[in-house]
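Engineer: Just so you know, we're using the UniProt record's numbering here: the sequence shown kicks off at 1 and counts up by one.
Using N, Cα and C, we set each Cβ at its ideal position, and we do this for glycine too.
Predicted model only: the values in this text are computed from it and were never measured.
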Amino acid sequence: MLTKLLQKFSSPQRSEPQETPKLPAGIAVHYGIPATASIMAFDPIQQLLSIGTSDGRIKVVGGDYIEGLLVSLKPHSFKYLEFLENQGFIVSISNENEIQVWDLENKHLSSTLKWESNITAFSVIYGTQYMCLGDEYGYLSVLKYDAEKRNVVQLPYYVPPNLAAEADVALSSNQLSIVGLLLHPCSHGNRVLIAYEIGLLILWDITEDKAVLVRGQKHHQPKEFFVCTQTNLSEVHANVSNDHDQPEKEISSICWLSSGGSIVAVGYVDGDIFLWNLSVPDYIDDTEAEIQANFVVKFQLSSEDRRLPVTVLRSANKSRNSYRSHLFVYGGGEIGSEEVVTILKLDWSSGFAALKCIDRVDLKLQGSFGDIITVPDACNVENNDTSSFFILTNTGQLDYYENTCFSTLKSKQENNNYAVSIRYPVAIPTLDPCMTVAKLCFMDRKYNFACNSLKSFHVINEEESKWPLTGGVPGQLSLTEDNVVERLYIAGYQDGSVRVWDATYPLLSLLFVIFSEVKGLEITSSSAAITSLDFSTTSLSIAFGNESGQVHHYMLCTSSGSEKMKLHFITKIKTEVHSSPSGAGYQCTAIFSLVNSPVCILQYIASGSKLVVGYESGQVAVLDVGSPSVLFLLDCVSSSMSPINSLSAKAFSTINQNIVNTECGTSYEVEKELALFLTRDGQIILMDINTGNMINSQPVHPEKVTTSVSLHIVESNTSFDKGSDKHPLFKDIGSKDQSAQSGGLEQNSYADPNNHVNPSLMQNIKDSQILVCCEDIIYLISLKSVVQGNASILREVNLDKPCSWTALFKNVDDRECGLIIIYRTGDIEIRSLPDLKVLGDTSLMSLLRWNFETNMFKTLSSPGKGIISLVNGCEFAILSLFSGDDFWIPEALPCLHDKVLAAAANAAPNAAPCLSQNQESKKTTVNSMVSGIFKGFKGGKGERVIDSTETRENLIAHLESIFSRFPFSDPLTSVCDDEGHLELNIDNIQIDEPISAAASSQQSNNSGQENEKKREKLFEGGSTDTKPRLRTREEIIAKYRNKGEAISAAAQARNKLVERGEKLEKLSERTAELQSGAENFASMAKELAKSMEKRKWWNF
């Protein structure tokens, strides 16, 4: 990919300026819940939880650390988020009223639809692809997502806004905004409860196109209300505002209280909560006191006059026959009070009029409230009155509360009641504890045989075992046992601990945790925050330094054997030897406490046998971790005592020096290792690692003062660097002639600036270059000139934005070919080497919706090849600047949609699982909510209950039929109306295809019987002397009203004409076939005429 960019850049340039190419960057790994999380949705069958943010992202959480991140093209907040249950899609609606459908299997945006008006309510019909939405003008529209065509279509059916006005003539058109839509749980898409902003509730029957129930404060006023405080749960007050002429209160939230849809809870902007009884019909005389009391019950959570709006209502009621429920309320409290979620335990076993609150719990929140969602627990339906629930706060914290936690929360009212919750088990902890430094490392394939056994040290988190969700399918490659460890992610924390993960595949697994305290050894400040770390792939060693200046060296054990090694505790004055207890996968071999200053930089050299340490005080130490001992400690290598900001070491061969190995008869060139230190104020310090002598010290630019960022040695074509190919006999070369032994210490001050440099070394470094990156400028300097003491700047590039972090980009041959720059603005660039021209760019905002935060550069890491690991708040991510790397292997990525589970759910609608903690158990069970969809649906004149053998397709076909027609059009069963009387229409003529001549006699008999039934139905009521019936107001409106606005009426008429034209064409084609049945039709017409003579005038 970088080669293509180079070719594109090197192509002939046109005269007009060209835009910088955008890098094909993507998110390879993402862990953690964003701090901007604000809304949740749950799929009970797939056991997935989706979390929408205020910056246009959707986080999908399953089990076993399976997570996915979906990023919208625009950073707009989501106001509605719903699953298309068990279908692998999520529907989101942004604040810009853009309807988006996300494909979970492919993890991308599948379809979008821009809605012209402001969407104020949204709901998905359970288990289907049909959606209802309400807008600011009072229209209720129906949408359908077509999975085959990958688009969202608007269906013909709608509910016009003048329904509320007809229910209350005093309302104006600007008060008809729909603020809530609830599909009736027992109607299966046939009925919907519409909540208007002005406080009106209408239960609308879609199949009959009429309002079944109307509720509102003007029509039904409670005589008294209850104030449910902590001290008094049943304080009764008289409702003095019992005036039917007062304006309606605005609705702010709504939810079903009973699972059967008989009671609905409504929250208002003034802090009141009304519980409306929908089982009482409207035509009962409202003047009766006992009937009036059965319509509504009013609650308040505070006795104060001014209260917060009730913005969120959720309920938990398992059984349709249960008379108890838990109501979760956010809001309704006193203004300025502590932010809590109130849980009310309600009981109406003695009747709705006797509904009361029997208990209350205030759940304190950590951070600002995001959302709450209840989770059905089908395994404990008989034993518990409530469901489990999730609570989301805007700090990115997700807590799970089991259904048995109510009593525990009640007993911990004065304590930290969040202690009873199960915290979301983060795969990569970033805030608790706080991550301070991190490094992503590639493992050398030559040593995979040694580190493969590290897989056996997988750590099981306690929260991981308790986490209830089991959704998603891990990647196939990550589940195999014969894969070797190819990448490690190492992180240091503020509490002094270090964690190591296997980062071979996107599903990172924790190998072990290293705690700074060593058993049997008391060390002050051992738990100080980790400030720097490094890893040696050749020696399998980890070194980390902390704020107190201590350096810890650990060897990774390739087996869990009981071999005991010696632990050396080394200070300036002494060396102590202790027995080193081995941990699960690691063993401490040395602790160095030399300088009381934070460690700024660490780097292994000489194939992991030496360690170079840079301190904030400007001092430098060279440690032999094999002995272990201190080789050199250079005090004040910089005259300004500026902190060491960057370090780069390189080995060069000296041609006139070689050693002959007498055992194998071969000779090896001696390597001279040079270390370049870059201080924060821009000083370059060159030191000979073998001797500990400082060759020279000079500023990057003698005339400019700038803040340095990083330093890199760019390999030349003639550089000698065999790395791990070096013979093991000479991995400690250069330290054999030194006088420093265990416990000894040689201190050097400034070395002679005229120190003689070996001519052979100068010959090898003549083409090597140093890349010095500062905040506002980049320098490319000849390494030879730095060794000679006169830095020669080969190239100088000014930066338009302040630079914060850099890394070298390596190609397949592991050679540097580009420079990665991350600016403080969050922009990411790749520049070519050595000309430093921009090849491509992207940004953290476009990829992750991140702003570059202070100290983020400490957790930035890149092992090369365009992979960057980084942390922001509670989020961890690995970016791939180019597609096609190891993280993009499809088999390695976890899948967010389980097709096997989806097929099992569709095949077994009566199966009812619980929230299993076993990943395999969810394969054979489905949630009980699935079976509720198939219990029955309403069609035609009344409700028809179907058995469990009827498939989901029957429900889909029914919904398609009722939503594919215009409102107030002909009934679904157009043969007869509600009274069963004759009604003929050309639109009702069904034209069949020609009947095959080979039809069986049984089919003919069945057809004849059906015709007889139709004949009897046609003449039904012909001889019955019925009396006139007074039709209701809704029936008159449904039959004679104007169907919508002029535009919709014209569109409907045009569609009707097209349909009639098609039918007339078919009629003309089959005239010959109908000729044979003309005689039968004539006799039927005569009988029909006789029957009509017996009907009265009011039957017509």
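What residues are listed by DSSP as bridge partners for His108?
Structural biologist: Asp103
Engineer: For the region 368 to 377 against the region 387 to 398, are there 3 or more C-beta pairs whose distance is under 8 Å?
Structural biologist: yes
Engineer: Three-state secondary structure (DSSP) at Glu796?
Structural biologist: strand
Engineer: Starting from Asn954 and walking both ways along the alpha helix (DSSP H), at which residues does that stretch end?
Structural biologist: For Asn954, the uninterrupted alpha helix (DSSP H) run begins and ends at 952 to 963, by DSSP.
Engineer: If distances are taken between C-alpha atoms only, which option among Gly585, Thr589, Ala584, Phe352 comes closest to Phe569?
Structural biologist: The alpha carbon of Phe569 has as its nearest neighbour, out of Gly585, Thr589, Ala584, Phe352, the alpha carbon of Thr589.
Engineer: Identify whether Gln1075 lies in helix, strand or coil by the three-state DSSP scheme.
Structural biologist: helix
Engineer: How many whole angstroms separate the CB atoms of Leu567 and Val518, which I take to be in contact at a CB cut-off of 8 Å?
Structural biologist: 7 Å
Engineer: When DSSP builds the beta bridges, which residues end up paired with Ser123?
Structural biologist: Cys132
Engineer: Identify the continuous beta strand (DSSP E) that holds Leu155 and give its terminal residues.
Structural biologist: Boundaries of the beta strand (DSSP E) harbouring Leu155: 151 to 159, taken from the DSSP string.
Engineer: Looking only at its chain, what residues have a beta carbon closer than 8 Å to the beta carbon of Lys74, apart from the 5 residues adjacent to it on each side?
Structural biologist: Gly56, Ser94, Glu96, Glu98
Engineer: For Phe295, name the three-state secondary structure that DSSP assigns.
Structural biologist: coil
Engineer: If you draw a straight line from the C-alpha of Ile263 to the C-alpha of Arg191, how long is it?
Structural biologist: 15 Å
Engineer: Taking 7 Å as the limit between beta carbons, can you name the residues of its chain near Ser253, skipping five residues before and five after?
Structural biologist: Gly267, Val310, Thr311, Val312, Leu313
Engineer: Using the rule of at least 16 other Cβ atoms within 10 Å of the residue's Cβ for burial, across every protein chain shown, is Pro376 buried or exposed?
Structural biologist: buried
Engineer: Does the region 788 to 803 come within contact of the region 772 to 780, defined as at least 3 CB pairs closer than 8 Å?
Structural biologist: Verdict: yes, contact present.
Engineer: Could you give the C-beta distance for Glu90 and Ala121, rounded to a whole number, given that I count them as a contact under 8 Å?
Structural biologist: Note on residue identity: the sequence assigns Ile, not Glu, to residue 90. Contact doesn't hold; Cβ gap of about 18 Å is too wide.
Engineer: Within the continuous alpha helix (DSSP H) that includes Gln788, where are the two ends?
Structural biologist: Annotation for Gln788: the continuous alpha helix (DSSP H) segment containing it runs 783 to 788.
Engineer: Using 10 angstroms around the beta-carbon of Cys132, count the other beta-carbons present and answer buried if the total reaches 16, otherwise exposed.
Structural biologist: buried
Engineer: Residues in the same chain with beta-carbon distance under 7 Å from Phe1081, minus the five sequence neighbours each way, listed in chain order, please.
Structural biologist: Residues of the same chain with their beta carbon placed closer than 7 Å to that of Phe1081 are lacking, with the five preceding and five following residues left out of the count.
Engineer: Roughly how many angstroms separate the alpha carbons of Thr231 and Asp359, rounded to a whole number?
Structural biologist: 10 Å
Engineer: Terminal residues of the continuous alpha helix (DSSP H) containing Asn546?
Structural biologist: Premise fails: Asn546 lies in the beta strand (DSSP E), 541 to 546, not in any alpha helix (DSSP H).
Engineer: Is Leu1057 buried or exposed, if buried means 16 or more other CB atoms sit within 10 Å of its CB?
Structural biologist: exposed
Engineer: In whole angstroms, what is the alpha-carbon distance linking Ile713 and Glu816?
Structural biologist: 10 Å
Engineer: What's the C-alpha gap between Asp534 and Ser861?
Structural biologist: 11 Å
Engineer: Please state whether DSSP places Met1084 in a helix, a strand or coil.
Structural biologist: helix
Engineer: Taking the Cβ atom as the reference point for each residue, do Asn82 and His30 lie within a distance shorter than 9 Å?
Structural biologist: It should be pointed out that residue 82 corresponds to Glu in this sequence rather than to Asn. Taking 9 Å as the Cβ cut-off, Glu82 and His30 do not qualify as a contacting pair.
Engineer: Return helix, strand or coil for Gly608, following the three-state DSSP convention.
Structural biologist: helix
Engineer: According to DSSP, is Cys590 helix, strand or coil?
Structural biologist: Checking the displayed sequence, the identity of residue 590 turns out to be Ala instead of Cys. Ala590 falls in the strand class under three-state DSSP.
Engineer: Which residues share a DSSP beta bridge with Thr470?
Structural biologist: BP columns for Thr470 are empty, so no partner.
Engineer: Whose C-alpha, out of Gly333, Ala438, Ser259, is nearest the C-alpha of Cys186?
Structural biologist: Ser259
Engineer: Ends of the beta strand (DSSP E) at Ala28?
Structural biologist: 26 to 31
Engineer: Pop quiz: Leu183 and Ser110 are said to be a contact at Cβ under 8 Å. What is the actual Cβ separation, rounded to whole angstroms?
Structural biologist: Actually they are not in contact, since the Cβ atoms of Leu183 and Ser110 sit about 23 Å apart, beyond 8 Å.
Engineer: Cα-Cα, which of Tyr554, Leu783, Pro468 is closest to Val498?
Structural biologist: Nearest neighbour of Val498 by Cα position, chosen from Tyr554, Leu783, Pro468, turns out to be Tyr554.
Engineer: Closest to Tyr196 by CA distance: which of Tyr137, Arg150, Lys210, Leu155 is it?
Structural biologist: Restricting attention to Tyr137, Arg150, Lys210, Leu155, the CA atom closest to the CA of Tyr196 is found in Tyr137.
Engineer: Could you check what DSSP says for Leu879 in three-state terms: helix, strand or coil?
Structural biologist: strand
Engineer: Taking only three categories from DSSP, how would you classify Asn162?
Structural biologist: In the displayed model, Asn162 falls within a helix according to three-state DSSP.
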